[in-house]
Amino acid sequence: MAVFYWMAVAALTLPLGLIALTSLTDSTLVGFPLGHPSLRWYQEALSDPANLRAFGLSASLALTSAVLAVIVGTWIALAAGMLDPLWRWLLFSGTLVPLVTPGIVHAISLRIAIRAVGIDPGPSAMLFGHVVHATPLAAIMISARLAMMPKDLLDAAKDLGAGPVRSFLHLQLAWLGPALAGAALLAGLNSFDDFLRSFFLGGYDPTLPVLIFGRLRSGLTPELNALATLALIVMAAVGGVAIWITVPRGRA
Amino acid sequence: MSRLLRPALIAVPVIWVLAAHVGPLLAMVRISLLDAYPGPPDASPSFGTGAYAAFFAGSGYQAALGHSLWLSAAATAITLVLSWPLAWHVAVRVPGGRRVKRLALLVAPFWTSEVLRIFAVVLMLSNRGALNSMLRWAGLTHSPLPLLYGNGSVLAGIVYTAMLSMLLPLYAALDRLPPDLLDAAADLGASAWQRQLFVVLPLVSGGISSGVALTFLVCLGVLAAPALLGGAGTPTFAIVISGFFSGASGRWPLGAAFSLVMLVGGTACAGGLAWAFRAGLRGIFPPHRVNA
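Just so you know, the protein sequences line up as chains A and B, in that order. When you line the first sequence up against numbering that gives the first Met the number 0, it's residues 0 to 251, in that order. When you line the second sequence up against numbering that gives the first Met the number 0, it's residues 0 to 291, in that order.
Take a look at the structure:
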């Protein structure tokens, strides 16, 4: 069983490593045999302004949608905590709708919705789509942490004279800290990775995944591998930090 | 203060969920009932069920949906068979202290964009890709095998896109399994197979069925895998749907109606699969038969 586990880890990880491996070449062809090792294509990738714009757009969407998804997710979790079981269940069912809708159906429903309210495809439409996409997971993570909060803490704060605003800021937010950080990182990663919503809600400027998708359709170049490798490094770094923050350490 | 704060605190998320999570699906229902959209600004579209009739009129559309349902079912089955031993190993066999690290190692590849994972599949399967190069190097083939642009490559891409939705529910279910129960079954003489069939499967049937349902729905909605790895044969339903939103205008009602067909049909199939797995795993292997 352990052998199968390590084989699976290799089978899931090595193909991604292949993207990086075939980018480190001086050849104009992608694949094997590899040419001589070179960073030539990284220079090419980083000197193309379209790549840099896509990177910048993806990064700024990830940052803003992470913040917004955490605010919305926290708000849903707090509201759910105040509701009766039936209404809480209804609120959570509605919250989880984007999670159980097939990706393409979700993206198209958002495309139709932004047109209905008169928003053109573009960065703000994508931001909206990414926030909606990330909210269910954020709400789940935050309300799970909120449910573990000892009830007497809030009573104690009340006895000591803290109003609802004060006890929210000093107590609940502090208690939620790790969940908020984890949810923000996951939401940011979700946005940085997102293809379907960006594909249907984007205007003329593509995000990184949409740009890579379009170039994959027109043929492989090592420059694309270099660009994809840079994206992989960002994703791996954010994912690593997410694990490092949310997973309790030093526990047997 | 609190009397004012409470309704405001509750109202905002409720409005958000209604407007942003549920509302777009309702807007899609409305558009699916128009005869042409988007059209010229002065035109007033009339309502009708023409878009749904188009689905039932053209056999090509039904074939595409059938192809998608078949691919999703196959991909779900493959992910279940692959994920079960992995989740079992991490949740049951790996000691508690190392468990999270082992899980993270397994989950990390799924932090990348689905487009990059499809890119990786291309580099594995293309003519100059890793598999063909290895086969040639080993002297097994002389000309590259056409591994890309067929059902096999699409399936590989869908599995690589959607496997996480199976892995996590299975892990969560197996992680909650009381270890004493397995020891007790072993003490009472149950073999490894008997423990799996009569103790473990009935207890985690809920996790399996929710993993199956979720994975099936995720597989159905994948666009990048069939768009980049598919061949000239029957398109998937996702490809058909996306075609209505590019090119000629006025065809959004078809796209909206077909999306709803996918949502309703897919949810019904996913629900049916979940029910069948739950009932099957509990009915065929009921816990009380351990004593029989």
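Yeah, the Cβ is synthetic: ideal placement off N, Cα and C, and Gly gets one too.
With respect to the alpha helix (DSSP H) encompassing residue i, which residues constitute its N-terminal and C-terminal limits?
| i | result |
| --- | --- |
| S114 of chain A | Per the sequence shown, residue 114 of chain A should be read as Arg rather than Ser. Counting along the chain, the alpha helix (DSSP H) containing R114 of chain A begins and ends at G102 to A115. |
| W243 of chain A | P221 to T245 |
| S46 of chain A | R39 to S46 |
| I141 of chain A | P122 to A146 |
| A9 of chain A | A1 to L20 |
| V16 of chain B | No alpha helix (DSSP H) contains V16 of chain B, which DSSP labels as neither H nor E. |
| Y60 of chain B | S58 to W87 |
| F215 of chain B | S204 to L219 |
| A90 of chain B | Where A90 of chain B is concerned, there is no enclosing alpha helix (DSSP H), given that its DSSP letter is neither H nor E. |
| A129 of chain B | A129 to W136 |
| L102 of chain B | G95 to V106 |
| D154 of chain A | K150 to D158 |
| W88 of chain A | P84 to V99 |
Kindly indicate which three-state DSSP category residue i falls into: helix, strand or coil?
| i | result |
| --- | --- |
| L33 of chain B | strand |
| A7 of chain B | helix |
| F46 of chain B | strand |
| R250 of chain A | Residue confidence is low: R250 of chain A scores 45 on pLDDT, short of 50, so the model does not pin down where it sits. No coordinate-derived value is stated. |
| P27 of chain A | At residue 27 of chain A the sequence reads Thr, which differs from the Pro that was named. If DSSP states are grouped into helix, strand and coil, T27 of chain A belongs with coil. |
| L122 of chain B | helix |
| T160 of chain B | helix |
| W192 of chain B | helix |
| L167 of chain B | helix |
| Y51 of chain B | helix |
| H141 of chain B | coil |
| P178 of chain B | helix |
| I211 of chain A | helix |
| T73 of chain A | helix |
| A291 of chain B | Annotation note: pLDDT 40 at A291 of chain B (below 50); position unreliable, no value reported. |
| M0 of chain B | Residue placement at M0 of chain B is poorly supported in this model, since its pLDDT is 48, which falls under 50; the coordinates still yield a value, given next. M0 of chain B falls in the coil class under three-state DSSP. |
| H169 of chain A | helix |
| G34 of chain A | coil |
State buried or exposed for residue i, treating a residue as buried only when at least 16 other CB atoms are found within 10 Å of its CB.
| i | result |
| --- | --- |
| T140 of chain B | exposed |
| H169 of chain A | exposed |
| N126 of chain B | exposed |
| R92 of chain B | exposed |
| Q171 of chain A | buried |
| S31 of chain B | buried |
| H35 of chain A | exposed |
| Y4 of chain A | buried |
| L203 of chain A | A small correction: the amino acid at residue 203 of chain A is Tyr; Leu does not occupy that position in the sequence shown. Exposed, by the Cβ-count rule. |
| A251 of chain A | Low confidence applies to A251 of chain A: its pLDDT is 35, below 50, so where it sits in the model is not reliable, and the reading given next is rough at best. So A251 of chain A ends up on the exposed side. |
| A52 of chain B | exposed |
| A61 of chain A | buried |
| S59 of chain A | exposed |
| A146 of chain A | exposed |
| G238 of chain A | buried |
| F55 of chain B | exposed |
Candidates the options: which alpha carbon is nearest residue i's?
| i | options | result |
| --- | --- | --- |
| P14 of chain A | A:L45, A:G238, A:L231 and A:I244 | A:L231 |
| L4 of chain B | A:A133, A:V104 and A:G162 | A:G162 |
| G22 of chain B | A:S108, A:D204 and A:P48 | A:S108 |
| T245 of chain A | A:F91, A:G201 and A:L179 | A:L179 |
| M148 of chain A | A:M125, A:R214, A:A76 and A:D193 | A:A76 |
| A171 of chain B | B:P143, B:A184, B:S209 and B:A7 | B:S209 |
| L144 of chain B | B:L262, B:N131 and B:L216 | B:N131 |
| T134 of chain A | A:A156, A:S92, A:D83 and A:P120 | A:S92 |
| H88 of chain B | B:R101, B:T235, B:L79 and B:P252 | B:R101 |
| G230 of chain B | B:V121, B:S67, B:Y148 and B:M123 | B:Y148 |
| L216 of chain B | A:H105, A:D25, A:A65 and A:V29 | A:H105 |
| V69 of chain A | A:F167, A:G218, A:A186 and A:S197 | A:A186 |
| V240 of chain A | A:P177, A:L215, A:P208 and A:L229 | A:P177 |
| R2 of chain B | A:M81, A:L56 and A:L11 | A:M81 |
Please decide whether residue i counts as near chain E, where near means a Cβ-Cβ distance under 9 Å.
| i | result |
| --- | --- |
| I103 of chain A | Of the protein chains in the structure, A and B, none is chain E. |
Practice item. Jot down the residue ranges of each uninterrupted alpha helix (DSSP H) in the stretch 181–206 of chain A, minimum 4 residues, whole runs only, in chain order. Key: 195–200
Review point. Enumerated in chain order, which unbroken segments of the alpha helix (DSSP H) with a length of 4 residues or greater are wholly contained in the stretch 223–271 of chain B?
Key: You should have 223–228 and 236–242.
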